[in-house]
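These notes are about the structure you will find just below.
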Amino acid sequence: MAEPRYDPTAIEPRWQELWARERTWEVGDDVDPARKSYVLEMLPYPSGEPHIGHLKTYSVGDAVAHFHRRTGRTVLHPMGYDAFGLPAENHAIKTGVAPRASTDASIAAFQREFRSWGISIDWSREFGTHEPRYYRWTQWLFLQLLSRGLAYRREAAVKWCPNDATVLANEQVVDGRCERCGAVVEARQLEQWFLRITDYADRLVADLDTIEWPEHVKTMQRNWIGRSEGAEVVFRCEALGVDYPVFTTRPDTLFGATFFVMAPEHPDVERLAAGTPHEADVREYVNRALTESSEDRGATDRPKSGVPLGRTVVNPVNGEAIPMYVADYVLMEYGTGAIMAVPAHDERDFAFAEAFGLPIRRVVDGGGELPDTADGPLVDSHPDFDGLGNREAIGAIVDWLDREGKGHASVNYRLRDWLISRQRYWGCPIPVVHCEACGIVPVPEADLPVVLPEVEDYAPKGRSPLAAAEDWVAVACPSCGGDARRETDTMDTFVDSSWYFLRYCDARDDEAAWDPAIVAAWMGVDQYIGGVEHAILHLMYARFFTKAFADMGLLDVQEPFKRLFTQGMITRDGAKMSKSRGNVISPATYVERYGADTARCYVLFIGPPDQDADWSDEGAEGVHRFLARLWRLGAESEPGEEGAELPDDLGEADLALARKAHWAIDKVTADMSGRFAFNTAISAVMELVNDCYRLRERATAETLRFATATAASLVFPFAPHLASEVYDRLTGRRVWEEPWPAADPALLESDTFELVCQVNGKVRDRVRAPASATDEDLRALARERPNVRAHVDGHEVVREIVVPGKLVNLVVR
RNA sequence: GCGGGCGUGGUGGAACCGGUAGACACGCCGGCCUUAGGAGCCGGUGGCCUUCGGGCCUUGGGGGUUCGAGUCCCUCCGCCCGCACCA
1 MAEPRYDPTA
11 IEPRWQELWA
21 RERTWEVGDD
31 VDPARKSYVL
41 EMLPYPSGEP
51 HIGHLKTYSV
61 GDAVAHFHRR
71 TGRTVLHPMG
81 YDAFGLPAEN
91 HAIKTGVAPR
101 ASTDASIAAF
111 QREFRSWGIS
121 IDWSREFGTH
131 EPRYYRWTQW
141 LFLQLLSRGL
151 AYRREAAVKW
161 CPNDATVLAN
171 EQVVDGRCER
181 CGAVVEARQL
191 EQWFLRITDY
201 ADRLVADLDT
211 IEWPEHVKTM
221 QRNWIGRSEG
231 AEVVFRCEAL
241 GVDYPVFTTR
251 PDTLFGATFF
261 VMAPEHPDVE
271 RLAAGTPHEA
281 DVREYVNRAL
291 TESSEDRGAT
301 DRPKSGVPLG
311 RTVVNPVNGE
321 AIPMYVADYV
331 LMEYGTGAIM
341 AVPAHDERDF
351 AFAEAFGLPI
361 RRVVDGGGEL
371 PDTADGPLVD
381 SHPDFDGLGN
391 REAIGAIVDW
401 LDREGKGHAS
411 VNYRLRDWLI
421 SRQRYWGCPI
431 PVVHCEACGI
441 VPVPEADLPV
451 VLPEVEDYAP
461 KGRSPLAAAE
471 DWVAVACPSC
481 GGDARRETDT
491 MDTFVDSSWY
501 FLRYCDARDD
511 EAAWDPAIVA
521 AWMGVDQYIG
531 GVEHAILHLM
541 YARFFTKAFA
551 DMGLLDVQEP
561 FKRLFTQGMI
571 TRDGAKMSKS
581 RGNVISPATY
591 VERYGADTAR
601 CYVLFIGPPD
611 QDADWSDEGA
621 EGVHRFLARL
631 WRLGAESEPG
641 EEGAELPDDL
651 GEADLALARK
661 AHWAIDKVTA
671 DMSGRFAFNT
681 AISAVMELVN
691 DCYRLRERAT
701 AETLRFATAT
711 AASLVFPFAP
721 HLASEVYDRL
731 TGRRVWEEPW
741 PAADPALLES
751 DTFELVCQVN
761 GKVRDRVRAP
771 ASATDEDLRA
781 LARERPNVRA
791 HVDGHEVVRE
801 IVVPGKLVNL
811 VVR
């Protein structure tokens, strides 16, 4: 007869079918907010099939969800799809397959695989963001933002990707290139839709202190928002009679300003130079600067360039006329597009002054060489301020400016408003109508959703492909009834994913985006899990939406995600998996061969989940071997009457095994509570299984059954099918309905321990000592050890350190 | 340049408060079982030396604090990530 073998293909579908049939993981709306847990993994973008990164994300999330359930919480663990987006549309342009068709096919593949992984999802709440029943509410939320002035249309210099033929958000431009396709972005002057995220800049920075996120993610958001405190100071150009405000973080150095610089994009540059001998030079310089890529221009090491404007402005603190320049090191996007230059205390201004032979005047004595950015007392400034520490001088000078009407305290941000319109097809239509007579008119709520029409040609032509759908575009103005045209731009897909976690709470609501009472019970997300690549974009937009909706009275939380975990990447041979490298591991193939439990356990066992890890086939086999050993323990063990209780009378081997089981309970519980130490949790279960094998000849069947059932119970969050199978066989019970096991303190302690005997900090011997021994007993015990005596004899013991339960250290001279 | 992280056996990693460095796993070596095994079970495995008692060395390098340092402090080297002319 063939030896029985661990066969996941026989076990896994059986449990998956049971969970599906009984809707085991579905939860209702009547949740006790004190005992709820909302566990959420970032929703997948459905393209092709899931990859190994998805497996890791959902293995982590499912382990957390299971642990929370079994420790007494009602867990919301939903799933959906971020279904709009450029890849499906580009695929359509190449192959002719409609984006909806390819996206739905991919969603079907994701559903199939998630079920085959046995992830505990409440499928009743599932949706794709491309379904009208979802994007109807995306449009409704847009209209709420619009009615409060948080959505607006404005002409601005925007980033244009020539390859994708669409504008991009600032956040989607990396090193001057399109984050998606890598094409160098161009600047264009276009009228676009924006969301006023800058209104929330302060709160987005301040509230980072209220959430448990990895410090580096918070740092990235702080850097991105780039809050700096300073002052706005007005410099007047008498020749034109125009005031130019500048932003500075160093009002204490105002007396050291020796020139003034404007960005080439500044709208007044040409007007200023007109009629001066520099007119032609300025025009040429500006034209050159505008054609340069932002990446070349941004290089910090390039020499400073610029030309004089032939005009002066007056420094408000001392009435001095200083020369004006145009130079590309000043950026139009930041501050006011013009700066006061203080070469003595700013490295960039210093470099420019050196290159152009401009005066350099020290006004702060920081004690260093020029340019000196250190703190120190003010010098050569003004009798009222000289001698004052520069930090105090900031306040004093700003107060003075304010009184004189020449400036005021000010805060500046690097953050820009969020550009959300895209000239592409496969996205959520922006629900407004353009009317000659009435201007921009919101589509009435009753007419939502504005359904995305079917089109034939998805190719971008610099305007949205929707513009070609004449029947759809032509519409009666909702306000005056006259001829009007629909907005043909669609929304950035990040809008869709900025509120999906709210919709999950009340996913089938046809009357509203959500019922505030239901959302109040579930929100915020207790544990959010995903890749660090979303540290700025998605995570900041979602925070912005949450705050905006809270202000509208739709939510009672200020932050969407209380705790965030960012998982590391799984690489292969040290490199990112990619089709072009040919090093891709397909989860589907792997699950087919070894089972979902092995695949899930391995991605958790491979290392600390927040770190990158390299995939190894041998390592995965080791995990498979472990699961097979546990399965065999279950298969060879006699099923118990009911449950698996520890007998009262324990022999030596029984006691050792019982202790190990309780040690494992304690270890796994600690590793899952607050930390994400799945790798060490799994290794603790491995130790328990190893001890079951070591002691199985000597321990009683009852103890062995208890230890095996405990191992199954503990491994359930990582390998749910196998755990259910083994636990069911041994106890006749459903492991997911069992409370998480509790370690018995009496079995965690032992009456003896191994005393480490050190001489001068070096380990010289070990001996078993009674737990009840006094410090004196332990000292005596250690001094008796032969190898300790060999190192002590002939020396004077000058000190004895005793760490109870651990060690004795004899210090000799 | 600024900010953050990391550096431990042949490999992935463990060591949570300063207290036995190397748990667990891979790989490798040996044994058992077997017609056979790439299955399974048991054992060994940081390096050097050894009179087989044990000794010395070892957590990127150097220094320090301490009875005791992978862990704390200083310094240097290397790697990774984010930001980068932001006034």
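In the working numbering, the protein residues as written are 1 to 813.
Note that CB positions come from ideal geometry on N, CA and C, so glycine has one too.
All values derive from a computational prediction rather than experimental measurement.
Reference residue i, options the options, closest by Cα
{"i": "VAL808", "options": "GLY407, LEU415 and ALA780", "result": "ALA780"}
{"i": "GLU215", "options": "ARG23, VAL167, LEU564 and ASP122", "result": "LEU564"}
{"i": "GLU404", "options": "ALA257, GLY319, ARG600 and ALA620", "result": "GLY319"}
{"i": "GLU279", "options": "ARG148, LEU309 and LEU370", "result": "LEU309"}
{"i": "GLU621", "options": "ASP610, GLY595 and GLY607", "result": "GLY595"}
{"i": "ALA321", "options": "GLY482, THR129, ASP30 and ARG236", "result": "ARG236"}
{"i": "LEU554", "options": "ARG73, LEU141 and GLN16", "result": "LEU141"}
{"i": "LEU43", "options": "PHE127, MET332, CYS181 and VAL97", "result": "PHE127"}
{"i": "LEU466", "options": "ARG422, LYS806 and THR9", "result": "ARG422"}
{"i": "ASP104", "options": "ILE119, TRP117 and ALA88", "result": "ALA88"}
{"i": "THR373", "options": "SER381, PHE356 and PHE350", "result": "PHE350"}
{"i": "VAL767", "options": "ASP777, ALA664, ASP775 and GLU754", "result": "GLU754"}
{"i": "ALA231", "options": "ALA273, ILE339, ALA790 and LEU150", "result": "ILE339"}
{"i": "VAL475", "options": "ASP447, PRO323, GLU749 and PHE501", "result": "ASP447"}
{"i": "TYR134", "options": "CYS435, GLU511, LEU358 and PHE352", "result": "GLU511"}
{"i": "TYR334", "options": "GLU618, SER59, ALA92 and ILE225", "result": "ILE225"}
{"i": "ASP457", "options": "PRO449, ALA469, VAL451 and VAL450", "result": "ALA469"}
{"i": "HIS91", "options": "THR129, PRO46 and ALA599", "result": "PRO46"}
{"i": "ALA656", "options": "LEU748, ILE211 and THR9", "result": "LEU748"}
Three-state secondary structure assigned by DSSP to residue i
{"i": "CYS178", "result": "strand"}
{"i": "PHE561", "result": "strand"}
{"i": "ASN390", "result": "helix"}
{"i": "PRO602", "result": "A small correction: the amino acid at residue 602 is Tyr; Pro does not occupy that position in the sequence shown. In this structure, TYR602 counts as helix in the three-state DSSP scheme."}
{"i": "GLY530", "result": "strand"}
{"i": "TYR867", "result": "Because the chain in this structure spans residues 1 to 813, residue 867 falls outside the shown range and cannot be described."}
{"i": "ALA20", "result": "helix"}
{"i": "MET1", "result": "Caution applies to MET1, whose pLDDT of 33 falls short of 50 and renders its modelled position unreliable; the value that the coordinates give is listed next. Note: MET1 maps to coil in three-state DSSP."}
{"i": "ASN412", "result": "strand"}
{"i": "LYS324", "result": "In the sequence as presented, Lys is not what sits at residue 324; that position holds Met. Correct three-state label for MET324: strand."}
{"i": "ALA575", "result": "strand"}
{"i": "HIS51", "result": "coil"}
Exposure of residue i, with buried meaning 16 or more beta-carbon neighbours within 10 Å
{"i": "LEU18", "result": "exposed"}
{"i": "CYS480", "result": "exposed"}
{"i": "ARG5", "result": "exposed"}
{"i": "ASN223", "result": "exposed"}
{"i": "ILE52", "result": "buried"}
{"i": "LYS56", "result": "buried"}
{"i": "ARG362", "result": "buried"}
Residue j beta carbon less than 9 Å from that of residue i
{"i": "LYS406", "j": "VAL184", "result": "no"}
{"i": "VAL314", "j": "TYR285", "result": "no"}
{"i": "ARG503", "j": "GLY72", "result": "no"}
{"i": "VAL342", "j": "THR258", "result": "yes"}
{"i": "VAL64", "j": "VAL27", "result": "no"}
{"i": "THR312", "j": "ALA263", "result": "no"}
{"i": "PHE706", "j": "TRP736", "result": "no"}
{"i": "ALA201", "j": "LYS159", "result": "no"}
{"i": "VAL788", "j": "ARG764", "result": "yes"}
{"i": "ASP821", "j": "LEU76", "result": "Residue 821 is absent from the model: the chain starts at 1 and stops at 813."}
{"i": "VAL205", "j": "GLN189", "result": "no"}
{"i": "LEU633", "j": "LEU714", "result": "no"}
{"i": "LEU378", "j": "VAL317", "result": "no"}
{"i": "GLU592", "j": "TRP15", "result": "no"}
Problem set entry | Three-pair Cβ contact test at 8 Å for the stretch 415-427 versus the stretch 483-496 | In short, these stretches touch, since the Cβ pair count reaches three.
Exercise. How about the stretch 526-533 and the stretch 565-572: do they share at least three Cβ pairs that are nearer than 8 Å?
Worked result: Contact holds between the stretch 526-533 and the stretch 565-572, because three or more Cβ pairs, one in each stretch, are under 8 Å apart.
Exercise. Pairing CB atoms from the stretch 601-611 with CB atoms from the stretch 673-688, are three or more of them under 8 Å?
Worked result: With the cut-off at 8 Å, the stretch 601-611 and the stretch 673-688 touch.
For this session: Would you check if there are 3 or more beta carbon pairs closer than 8 Å linking the stretch 624-636 to the stretch 690-708?
Result: Three or more beta-carbon pairs separated by less than 8 Å link the stretch 624-636 to the stretch 690-708, which places the two stretches in contact.
Exercise. Using 8 Å as the Cβ pair cut-off and three pairs as the minimum, do the stretch 192-210 and the stretch 96-114 touch?
Worked result: In the pairwise beta carbon analysis, the stretch 192-210 is classified as not touching the stretch 96-114: fewer than three pairs are separated by under 8 Å.
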